[in-house]
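The block underneath contains the structure these notes are about, expressed in structure tokens.
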Amino acid sequence: LKEGQVLKFKEIVMLDKETQPPNRYSQGSIIKEMEARGLGTKATRAEILKTLYDRGYIRGKSIEVTKFGEKVIEVLAKYCPKIVSEELTRKFEEEMELVREGRKKREEVIGEAKEVLLEILRDFEKNKDKIGKGLLESYISYKRNQKYIGKCPKCGGDLKIIVSRRTGKRFVGCSNYKNGCDFSTPLPQRGIIKPLNKVCSTCGYPMISVQIGKKFFNTCININCPSKEFLKNKKKN
């Protein structure tokens with residue numbers, strides 16, 4: 606091909622396709638992205654990510670922002686936008702690096718930070734009732750949804766995470782137990798459990814995500830699911 610050359614075409618094909626969303630970040634790729642954007646330091650990025658998981662703002666190996674996380678950002682961005690500013694975070698990361706390199710005085714950076722923090726605090730004070738109401742509503746909804754697992758396969762009631770007062774162990778029970786439904790099933794006693802809002806393709810029971818430290822695994826709540834027998838046999842072989 607060369608500039609100005611006239612080209613002939615044989616056919617035009619119109620493909621009926623939907624735009625595919627970008628792949629979700631993994632823990633490794635999000636840390637690389639933070640580094641590329643100048644957010645956090647090598648020593649703090651993993652801890653920042655852990656905090657987001659621990660507070661329920663994100664979940665899963667393929668990182669997904671929770672409804673609670675979305676609401677927190679929505680409320681803060683509306684009433685106190687500087688506190689969620691990527692540019693502001695990056696600016697102070699860069700300035701702290703200049704201090705470490707001896708190219709800027711520590712007192713100068715602290716003075717700038719104080720001015721910004723005072724402005725943020727003024728915004729908070731002015732909108733504290735609206736911020737508090739928005740965050741409280743989202744937190745209550747988050748805690749309620751954390752307990753809800755899905756629909757009972759026996760009666761169609763709501764399955765919830767329950768902690769036994771007698772033993773302190775957690776299990777799944779049905780909201781219709783007072784009406785005679787005796788469905789229950791044990792849960793892992795370690796880790797953070799979150800509903801996945803979908804059912805197992807093998808048995809139809811609700812799926813959950815279990816986080817133990819930095820490790821995650823997804824499973825259904827059916828201890829007799831055939832897929833679990835398959836995995837047991839696979840491990841034996």
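In my numbering, the protein residues as written are 606 to 842. Where is the CB? At the ideal position from N, CA and C, for every residue including glycine.
Hey, how far is the Cα of G755 from the Cα of I678?
In the sequence shown, counting from the first residue as 1, residue 755 sits at position 150. In the sequence shown, counting from the first residue as 1, residue 678 sits at position 73. So the alpha carbons of these two residues sit roughly 27 Å apart.
Taking the CB atoms as reference points, tell me whether K752 and C779 lie closer together than 8 Å.
By one-based count along the sequence shown, residue 752 stands at place 147. By one-based count along the sequence shown, residue 779 stands at place 174. For K752 and C779, no; Cβs fall outside 8 Å.
Enumerate in chain order the residues of its own chain whose CB-to-CB distance from N842 is below 6 Å, with the five nearest sequence positions on each side excluded.
The residue labelled residue 842 in the question sits at position 237 within the sequence shown. Low confidence applies to N842: its pLDDT is 49, below 50, so where it sits in the model is not reliable, and the reading given next is rough at best. If we look at N842 and ignore the five residues flanking it on each side, it has no Cβ neighbours.
Just the C-alpha distance for G796 and L703, rounded to the nearest angstrom, thanks.
Start at 1 with the first residue of the sequence shown, and residue 796 comes out as number 191. Start at 1 with the first residue of the sequence shown, and residue 703 comes out as number 98. Going by the C-alpha atoms only, they are around 41 Å apart.
Around the Cβ of G661, are there at least 16 other Cβ atoms within 10 angstroms (buried) or fewer (exposed)?
The residue you call residue 661 lines up with position 56 of the sequence shown. It is buried - the Cβ of G661 has at least 16 other Cβ atoms within 10 Å.
Is I715 buried or exposed, if buried means 16 or more other CB atoms sit within 10 Å of its CB?
For the purposes of this step, residue 715 is taken as residue 110 along the sequence shown, with counting starting at 1. Under this definition I715 is an exposed residue.
With D763 as the anchor, note down where its beta strand (DSSP E) starts and where it stops.
Translated into the one-based positions of the sequence shown, residue 763 becomes position 158. D763 -> beta strand (DSSP E) spans D763 to V768.
Grouping DSSP H, G and I as helix and E and B as strand, with all else coil, what is S634?
The residue you call residue 634 lines up with position 29 of the sequence shown. If DSSP states are grouped into helix, strand and coil, S634 belongs with the helices.
Quick one: grab the DSSP three-state call for N823.
On the sequence shown, residue 823 is found 218 positions in, with the first residue counted as 1. The answer is strand: DSSP assigns N823 an E or B state.
Would you kindly work out how many angstroms separate the C-alpha atoms of T824 and V670, rounded to a whole number?
Walking along the sequence shown from the start, residue 824 turns up at place 219. Walking along the sequence shown from the start, residue 670 turns up at place 65. The alpha-carbon atoms of T824 and V670 are separated by roughly 20 Å.
One question on the structure: do V689 and I736 come within less than 8 Å of each other, judged by their Cβ atoms?
As a first step, residue 689 is located in the sequence shown; it is residue number 84 there, counting from the start. As a first step, residue 736 is located in the sequence shown; it is residue number 131 there, counting from the start. For V689 and I736, no; Cβs fall outside 8 Å.
Which two residues bound the contiguous alpha helix (DSSP H) that contains N802?
On the sequence shown, position 197 is the one that residue 802 refers to. Careful: N802 lies outside any alpha helix (DSSP H), inside the beta strand (DSSP E) at I797 to V804.
Rounded to a whole number of angstroms, what is the C-alpha to C-alpha distance between Y684 and N827?
Residue 684 sits at position 79 when you count from the first residue of the sequence shown. Residue 827 sits at position 222 when you count from the first residue of the sequence shown. Using only the alpha carbons, I get a separation of about 44 Å.
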